[in-house]
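Undergrad:
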Amino acid sequence: MTPPPNSQPRAYLSRRYRLSASHRLHSDAFTADQNRAAYGKCNNPHGHGHNYIVEITVAGPVDPITGMVCDLGQLDAFAQTNLLDRFDLMNLNTLDAFRTLVPTTENFTIEVHRIFQRFPGAKLDRVRIEETGNNSFEYPAQTDSNQPGSTKG
Amino acid sequence: MVLLTRKAEFSSAHFYWNDAWSPEENQRVFGKCANRNGHGHNYTLEVTVAGEVDPVSGFVVDLKDLKAILEREVISVYDHRHLNLEVPEFATRVPTTENIAISIWQRLDGKIPHAKLHRVRVYEMPDLFADYYGEPS
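Chains as they are written, first to last, in my numbering: chain A, 60 to 212; chain B, 1497 to 1633.
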């Protein structure tokens, strides 16, 4: 059962973080009518909010000594500083990242991916954000040929 | 090709410890998980298999068979056990979520008729899980 010495199996580790934030979907490139047509009730001028679940997946060899892909304490500390402290209980539209970018959850997912690419403890594989229990967004897109375990890639 | 996933649950105790390190080093790296009295989790296992849909039965695998294999190979060995003390692979391997996923893969690989093991996902808690897809052949 024990793998031979020096073999380091690759695994994926995922951790979910919860944050609550408000946003309003509105593009200056659209007229008021176009904004209402494109974004519906999400265009409400006063904004609205969600309890987001941010799922971070890192990938890498399992350290033969610790049995870990990455140090969870280090990942949690990075997430606290770079995700929760910056986005939790904030209005996304007021943040620098969304000055010129509509804070759709697609764009939020791409921004969180950009942030966690700088995590020094392990290689980021993907970011998935649940905006509600019925909506979730994932970046980068996992297609049939590039998903983990695929033999087609 | 269709992917089919079956869930199962087990509840086990574990702790993280490396005998080659001092108690202080174990404490530094593993934190609360290094408490040698152990602690426990309700684990959720998701086993995904890949295969063609049988034109007659409409199945990728017979779910009764898959359930019985999971029970025999994994649940009966891990459930209500202390992983470090009672499950052989963790005598030499720290029972992290990553290593549990790898060990379950090794227990199941080649034992599921008519389908290929695709992924083993182990949730230690709803907000923490590890995925293992085997090694590229």
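Just so you know, even glycine gets a beta-carbon here, dropped at the ideal spot from N, CA and C.
1) Identify whether I1598 (chain B) lies in helix, strand or coil by the three-state DSSP scheme.
2) Grab the span of the alpha helix (DSSP H) containing I174 (chain A) for me, first residue to last.
3) Step through the CB atoms of chain B and report whether any lies within less than 9 Å of the CB of I188 (chain A).
4) Report the residue from B:H1576, B:R1615, B:P1622 and B:E1585 whose alpha carbon sits nearest the alpha carbon of L1499 (chain B).
5) Report the residue ranges of all alpha helix (DSSP H) runs contained in full by the region 1521-1571 of chain B; include only those spanning at least 4 residues, in chain order.
6) Between A1564 (chain B) and R1502 (chain B), what straight-line distance do the alpha-carbon atoms span, to the nearest angstrom?
7) Just the C-alpha distance for E197 (chain A) and V113 (chain A), rounded to the nearest angstrom, thanks.
8) Where does the unbroken alpha helix (DSSP H) through F137 (chain A) begin, and where does it stop?
9) Given that a residue counts as buried once 16 or more other Cβ atoms are within 10 Å of its Cβ, and exposed if not, what is S1572 (chain B)?
10) Output the boundary residues of the alpha helix (DSSP H) element that contains A181 (chain A).
11) Could you tell me which uninterrupted beta strand (DSSP E) segments, each at least 3 residues in length, are contained entirely in the region 1576-1627 of chain B, listed from first to last along the chain?
12) For N1595 (chain B), count neighbouring Cβ atoms within 10 angstroms of its own Cβ and tell me buried if that reaches 16, exposed if not.
13) Between A1509 (chain B) and W1517 (chain B), what straight-line distance do the alpha-carbon atoms span, to the nearest angstrom?
14) Please list the partners that R1532 (chain B) has in chain A, where partner means a Cβ-to-Cβ separation under 9 Å.
15) Using DSSP bridges, identify the partner residues of N194 (chain A).
16) Taking contact to mean 3 or more Cβ pairs, one atom from each stretch, closer than 8 Å, check whether the region 98-117 of chain A and the region 74-88 of chain A are in contact.
17) Closer than 6 Å by C-beta to P207 (chain A): which residues in its own chain qualify, once you throw out the five before and the five after it? Chain order, please.
18) Can you check whether the C-beta of D1623 (chain B) is within less than 9 Å of a C-beta belonging to chain A?
19) Under 9 Å between C-beta atoms, does E1631 (chain B) make it to chain A?
20) Are there 16 or more other CB atoms within 10 angstroms of the CB of G119 (chain A), so buried, or fewer, so exposed?
TA: To lay it out plainly:
1) In the second sequence, counting from the first residue as 1, residue 1598 (chain B) sits at position 102. Three-state DSSP puts I1598 (chain B) in a helix.
2) Stepping through the first sequence from its first residue, residue 174 (chain A) is reached at position 115. It spans T164 to F175 - the alpha helix (DSSP H) in which I174 (chain A) sits, taken as one unbroken run.
3) Residue numbering aside, residue 188 (chain A) sits at position 129 when the first sequence is read from its first letter. By this cut-off, I188 (chain A) is not an interface position.
4) The residue you call residue 1499 (chain B) lines up with position 3 of the second sequence. Of the candidates B:H1576, B:R1615, B:P1622 and B:E1585, the one whose C-alpha sits nearest the C-alpha of L1499 (chain B) is B:R1615.
5) Fully enclosed alpha helix (DSSP H) runs of 4 or longer: 1559-1566.
6) If you number the second sequence from 1, residue 1564 (chain B) lands on position 68. If you number the second sequence from 1, residue 1502 (chain B) lands on position 6. Spanning the alpha carbons of A1564 (chain B) and R1502 (chain B) requires a straight line of approximately 11 Å.
7) As a position in the first sequence, residue 197 (chain A) is number 138, starting the count at 1. As a position in the first sequence, residue 113 (chain A) is number 54, starting the count at 1. So the two alpha carbons sit approximately 10 Å from each other.
8) Walking along the first sequence from the start, residue 137 (chain A) turns up at place 78. Segment L131 to A138, the alpha helix (DSSP H) holding F137 (chain A).
9) Translated into positions along the second sequence, residue 1572 (chain B) becomes position 76. With fewer than 16 other Cβ atoms within 10 Å, it is exposed.
10) Indexing the first sequence from 1 puts residue 181 (chain A) at position 122. Unbroken run through A181 (chain A): none, as it is neither H nor E.
11) Restricted to the region 1576-1627 of chain B, the beta strand (DSSP E) segments that are unbroken, complete and at least 3 residues in length are 1612-1621, listed in chain order.
12) As a working mapping, residue 1595 (chain B) is identified with position 99 in the second sequence. Per the 10 Å Cβ criterion, buried.
13) If you number the second sequence from 1, residue 1509 (chain B) lands on position 13. If you number the second sequence from 1, residue 1517 (chain B) lands on position 21. In this structure, the alpha-carbon of A1509 (chain B) lies about 22 Å from that of W1517 (chain B).
14) Locating residue 1532 (chain B) in the second sequence gives position 36, where the first residue counts as 1. None at all; the shortest Cβ gap to chain A is about 16 Å.
15) Taking the first sequence and counting its residues from 1, one reaches residue 194 (chain A) at position 135. Bridge partners of N194 (chain A): A:T191.
16) Cβ pair count under 8 Å is three or more, so yes.
17) As a working mapping, residue 207 (chain A) is identified with position 148 in the first sequence. Annotation for P207 (chain A): no residue places its beta carbon closer than 6 Å to its own, counting only its chain and skipping 5 residues before and after.
18) Within the second sequence, the letter at position 127 stands for residue 1623 (chain B). Yes - at least one Cβ of chain A is within 9 Å of the one on D1623 (chain B).
19) Within the second sequence, residue 1631 (chain B) is the residue found at index 135, counting from 1. It does; some Cβ of chain A falls within 9 Å.
20) The residue given as residue 119 (chain A) occupies position 60 in the first sequence. Around the beta carbon of G119 (chain A), 16 or more other beta carbons lie within 10 angstroms, which makes this residue buried.
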